[in-house]
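So the structure is just underneath, and the comments pick up after that.
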Ligand code: GTP
Ligand code: MG
């Protein structure tokens with residue numbers, strides 16, 4: 089798919105403020121700093137479309153970007169852990185969860201995972217939630233330029249096993265990407281094009 093235009097449409101704190109005009113949407117979610125905004129910029133071929141930062145938690149709103157005037161990339165707030173008293177609890181952004189469960193024009197969701205690390209409890213909890221919620225999703229393994237292909241493959245296998253995703257029927261699709269080398273870009277765009 090050729091990207092002819094990519095424009096920031098709107099930042100919305102909740103689904104109620106999402107753009108009224110209904111276009112097919114493709115959402116990206118994952119732990120803070122996993123590379124959501126970088127991946128969006130890679131897909132859109134526009135390096136400053138979404139804000140990239142070393143400081144985690146930059147994207148706190150639901151950001152809508154309209155591509156080729158007829159579909160949207162949606163950057164969802166990263167999830168993390170909330171420190172509540174002495175315990176930690178999984179902290180999914182409520183607006184993101186509500187968007188994923190109820191946005192009618194949401195076509196597909198990409199859950200971003202960094203395959204370099206041991207599966208994080210928060211990622212496993214999120215996958216459990218999204219399976220439970222019945223929201224169709226694919227997994228995007230990010231930053232694959234940071235290690236060898238065999239290490240990436242081992243990380244992917246480890247995550248698919250730990251999350252139980254390899255047991256799902258149908259099994260969700262997955263992609264391996266790098267915003268540095270552009271790996272995975274055309275595969276994701278093809279997947280999106282097939283749903284437009
Ligand atoms: P939040 O908005 O805070 O949730 O983060 P995010 O998931 O949008 O991550 P972002 O795209 O801002 O990237 C976080 C950091 O990782 C930045 O320093 C990026 O330059 C870096 N990064 C993102 N993708 C890649 C990648 O594919 N390869 C490498 N080497 N670095 C990456
Ligand atoms: Mg971001």
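Residue numbers (my numbering): 89 to 284. Just so you know, even glycine gets a beta-carbon here, dropped at the ideal spot from N, CA and C. Only a predicted model underlies this, so the values are computations on that prediction, with no experimental measurement involved.
Proximity of residue i and residue j at Cβ, strictly below 8 Å
i	j	result
residue 265	residue 230	yes
residue 137	residue 96	yes
residue 101	residue 183	yes
residue 214	residue 263	no
residue 223	residue 189	yes
residue 235	residue 273	no
residue 152	residue 107	yes
residue 199	residue 127	no
residue 211	residue 268	no
DSSP state of residue i mapped onto helix, strand, coil
i	result
residue 161	strand
residue 271	coil
residue 212	helix
residue 195	strand
residue 134	coil
residue 93	coil
residue 247	helix
residue 140	coil
residue 110	coil
Run of the beta strand (DSSP E) containing residue i, from where it starts to where it stops
i	result
residue 154	150-155
residue 113	113-118
Rounded distance between the beta-carbons of residue j and residue i, thought under 8 Å
i	j	result
residue 238	residue 261	The Cβ separation is near 21 Å, so there is no contact.
residue 277	residue 131	6 Å
residue 191	residue 103	6 Å
Span separating the alpha-carbon of residue i from that of residue j
i	j	result
residue 112	residue 280	10 Å
residue 123	residue 187	20 Å
residue 248	residue 254	5 Å
residue 99	residue 155	15 Å
residue 167	residue 125	14 Å
residue 115	residue 194	7 Å
Short CB-CB distance (under 8 Å) between residue i and chain C
i	result
residue 203	Considering every chain present, this structure includes no chain C. It has just one protein chain.
Continuous alpha helix (DSSP H) stretch holding residue i: start and end
i	result
residue 184	182-190
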